[in-house]
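Position one of the sequence shown corresponds to residue 18 (the numbering used here), numbered consecutively onward. Just so it is clear, CB atoms sit at the ideal spot from N, CA and C, and this is done for glycine as well. Being a predicted model, the structure only gives us computed values, none of them experimental. What follows is a set of notes on a single structure, which appears directly below.
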Amino acid sequence: MIWRNKTVVGVLVAMLSGGDLYATKFKEITVDDPFSNNTCPAAEILSYGSYIYNAASKFDGVFWPATEKSWLWLCPESGYSALGNDFGELSDAEHVAIGEFLAQNYDPKKPPTDPISRLSWMEEIYRLRDKDAKFWAYFYRLQAYWHDREKKPAAAMEYRRMALPLMKQLLRGLPAGQARIQCLFLAGEYSRQLGDVEDARQYFHDADNTVWVDDDGKKQTGHPYFRKLIEGRMQLLQGQ
């Protein structure tokens, strides 16, 4: 998730003030189950504030609402599961493949209820969908966040190890801009956590020195939000 300049101002204000601009709120809704005649419990976003970008999940590049179980949708009758923003239309081939998988593997008496088991189940379903490297880099980072949150650090680190080469792949095609700066920062942070100190320094340096043109046509170097994060991470690298 990347922010345009006006939003970044709000992010920095919230970070400096420590205040909540809005409350994060969901509304409980139902959606049609693509694999049964029933409906599935779901959540609709009502409001949130830019302070969500200062949560600890920023070091995995994932943010609310994906950091809430309510966004990990599951249809209890069929077993179909997806993120709330990605529940939509399935291709005919995806529908057939997922339908066969659910029929053979899902037990409605034992639905995956906790976030980790639900994400693991969801990952199996996503492997039957047409998803690219950008999606999997994000999903592995989301898995890393949730596994850390649920006190499973070894599994979290393994997901970071899986995400890093995908982010390196994405960097080969990302033009200069906010998306590239975020990807460089995350590659640096994951390299740091995985013990690749020199790579971490290089990615942080590249992120901080990326020259790009904003929506107003002004040339920028780096990004204030990520510069603040990089300063803190570079301090952790001192002496290494």
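Taking the C-beta atoms as reference points, Q199 is found nearer than 8 angstroms to G78.
Closest option to I142, judged by alpha-carbon separation, among Y97, P132, K151 and D103: Y97. Counted as a single uninterrupted DSSP element, the stretch harbouring A59 is not any alpha helix (DSSP H) but the beta strand (DSSP E) occupying residues T56 to S64. Below 8 angstroms, too few C-beta pairs join the segment 113-129 and the segment 150-162 to call them touching: fewer than three. If you look at I115, you'll find it in the alpha helix (DSSP H) that goes D109 to N122.
In this structure, Q219 is the residue among Q219, M174 and Y162 with its C-alpha nearest to the C-alpha of K185. For F43, the enclosing beta strand (DSSP E) has its first and last residue at K42 to D49. Closest option to L203, judged by alpha-carbon separation, among A154, Q257, W163 and P125: A154. Using a Cβ distance threshold of 8 angstroms, T227 and L201 count as a contacting pair.
Counting the other Cβ atoms within 10 Å of the Cβ of I115 gives 16 or more, which makes it buried. In the three-state reduction of the DSSP assignment, A99 falls in the strand class, which pools E and B. Cβ atoms of E111 and D149 stay farther apart than 8 angstroms, at about 14 angstroms. Closest option to E94, judged by alpha-carbon separation, among K127, A72, T84 and K168: K127. When C-alpha distances from P58 are compared across Y242, Y70, F43 and N71, the shortest belongs to F43. A60 and N54 have their C-alpha atoms some 19 angstroms from each other. Scanning its chain for C-beta atoms nearer than 7 angstroms, with the 5 sequence neighbours on each side dropped, one finds around D225 the residues G239, R244 and I247, in chain order. Shown here for D216: same chain residues with a beta carbon closer than 6 angstroms to its own, the five before and five after excluded, namely S208 in chain order.
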